[in-house]
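Asks:
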Amino acid sequence: MTKVSAQDSIVDQDVRVNQQFWIDYNHPNQWSETQSVRTQIAFRTIVPNLFNRFQAISTITFKNINQKERKWGRIDSYQLGGGAIYTQNTGAKNNFELRLLQGFKFNIPTIKPITLSNYIRLEERFQNSFDDDGWRSGFRLRYRLGTNISWKKHYLSFTEGLYFPLQAELFFNLKKTDRFNDLIRISPGMGYKFKNNWRYELFVIFNRTTNITETNNKSSDFILRLRVYNGGKKKEGIEQQEDFQLDDVN
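Under the working numbering, the first residue of the sequence shown carries the number 5, and numbering increases by one thereafter.
(1) Over the uninterrupted beta strand (DSSP E) stretch that includes Asn201, give me the two end residues.
(2) What is the residue span of the beta strand (DSSP E) that Pro192 lies within?
(3) Assign Ile14 to buried or exposed, taking buried as 16 or more other Cβ atoms, counted over all protein chains shown, within 10 Å of its Cβ.
(4) Assign Trp4 to buried or exposed, taking buried as 16 or more other Cβ atoms, counted over all protein chains shown, within 10 Å of its Cβ.
(5) Can Gly235 and Tyr196 be called in contact, C-beta distance under 8 Å?
(6) Starting from Leu54 and walking both ways along the beta strand (DSSP E), at which residues does that stretch end?
(7) Mark Asn211 as exposed unless 16 or more other C-beta atoms lie within 10 angstroms of its C-beta, in which case mark it buried.
(8) Out of Arg57, Leu84, Ser121, state which residue places its alpha-carbon closest to the alpha-carbon of Asn99.
(9) In angstroms, rounded to a whole number, what distance separates the CA positions of Gln131 and Glu101?
(10) Looking only at its chain, what residues have a beta carbon closer than 6 Å to the beta carbon of Ile27, apart from the 5 residues adjacent to it on each side?
(11) Which residue or residues does DSSP assign as beta-bridge partners of Trp26?
(12) Given a threshold of 16 other Cβ atoms within 10 Å of its Cβ, counted over all protein chains shown, does Asp136 qualify as buried or as exposed?
(13) For Asn53, does the count of other Cβ atoms within 10 angstroms reach 16, so buried, or fall short, so exposed?
(14) Can you tell me where the beta strand (DSSP E) holding Gly150 begins and where it ends?
(15) If I measure Cβ to Cβ from Phe168 and keep anything under 6 Å in the same chain, skipping five residues before and after, which residues do I get?
(16) State the Cα-Cα distance for the pair Leu120 and Arg42, rounded to the nearest angstrom.
(17) Using only the alpha-carbon positions, how far apart do Ser9 and Ala172 sit?
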């Protein structure tokens, strides 16, 4: 027990302030004007090398596109999804998570160039650390406020697809599972959209996380995140939906 506690204290010390790198690939599939499926494949790592995380998640979006006869009032879209997350830990047991999610998005129009996008999501998390405790379940609520500032007056041709995504997100633990439940995330970024609809976004993210390990309750995470969006193919008679606020995981 003494040896394990010593190891755990070292890990705790390392994660109080850390640097992380995230990269994800996002692929859309437009079924119709109102329905689409988006899949994300992602990898995350931390410095010092305490864990590597691999995750895949798909989300079905039901979009309320009829602006004159909106069936759901101010709600812009509903999302349902699920996926798997595998965390490879150093000095601790690995963790496998199955996650189900459901959420909705609504926009708040403000001044003409800026629209605030609000996203509320409930996550059901089922985790297994490959020990005798078996599966543990928990629930987490997320609220995200975001907007995109586009470069409207492009005096130079290369700035035509330039935009700046800004996001702030709160995570609320409803029923504890294991770590990374409650946090505050601030995500300023820069994006560029090419003529073939492929997009690249680079974020510098700050996380203030609670419930990191059994003996250390908080950490400050500085994250560099690269996001790649496949432009997707337009089906005949179906307009590809723009969505600069693609749903995240974790």
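Built from N, CA and C at the ideal position, the CB exists for glycine as well. Predicted model, so just to flag it, every value in this text is computed and none were measured.
Replies: The relevant details are as follows:
(1) Position 197 of the sequence shown, counted from the first residue, corresponds to residue 201. It is not in any beta strand (DSSP E) - Asn201 carries neither H nor E in the DSSP assignment.
(2) The residue given as residue 192 occupies position 188 in the sequence shown. Start and end: 187–197.
(3) Residue mapping note: residue 14 aligns to position 10 of the sequence shown, counting from 1. With a pLDDT of only 42 at Ile14, under 50, the local geometry of the prediction cannot be trusted, and no value is derived from it.
(4) No answer is possible for residue 4: it lies beyond the span of the chain, which begins at 5 and ends at 254.
(5) As a first step, residue 235 must be located in the sequence shown, where it is residue number 231. As a first step, residue 196 must be located in the sequence shown, where it is residue number 192. No; because the gap between Cβ atoms is not below 8 Å, this pair is not in contact.
(6) Start at 1 with the first residue of the sequence shown, and residue 54 comes out as number 50. Unbroken run through Leu54: none, as it is neither H nor E.
(7) If you number the sequence shown from 1, residue 211 lands on position 207. With 16 or more other Cβ atoms within 10 Å, it is buried.
(8) Walking along the sequence shown from the start, residue 99 turns up at place 95. Considering only alpha carbons, the answer is Arg57.
(9) Within the sequence shown, residue 131 is the residue found at index 127, counting from 1. Within the sequence shown, residue 101 is the residue found at index 97, counting from 1. Their backbone Cα atoms lie some 4 Å apart in a straight line.
(10) Start at 1 with the first residue of the sequence shown, and residue 27 comes out as number 23. So the qualifying residues of the chain are Phe47, Leu230.
(11) As a position in the sequence shown, residue 26 is number 22, starting the count at 1. Trp26 is bridged to Arg48, Arg229.
(12) Translated into the one-based positions of the sequence shown, residue 136 becomes position 132. Label assigned to Asp136: exposed.
(13) Here the question's residue 53 lines up with position 49 in the sequence shown. Its Cβ having fewer than 16 others within 10 Å, Asn53 is exposed.
(14) Counted from its first residue, the sequence shown places residue 150 at position 146. 139–154 is the span of the beta strand (DSSP E), which, as asked, contains Gly150.
(15) The residue you call residue 168 lines up with position 164 of the sequence shown. So the qualifying residues of the chain are Ile153, Met194.
(16) Within the sequence shown, numbered from 1, the residue matching residue 120 stands at position 116. Within the sequence shown, numbered from 1, the residue matching residue 42 stands at position 38. Taking the straight line joining both Cα atoms gives about 22 Å.
(17) Working through the sequence shown from its first residue, we reach residue 9 at position 5. Working through the sequence shown from its first residue, we reach residue 172 at position 168. Legend: pLDDT at Ser9 = 35, less than 50; position of this residue unreliable, no value from coordinates given.
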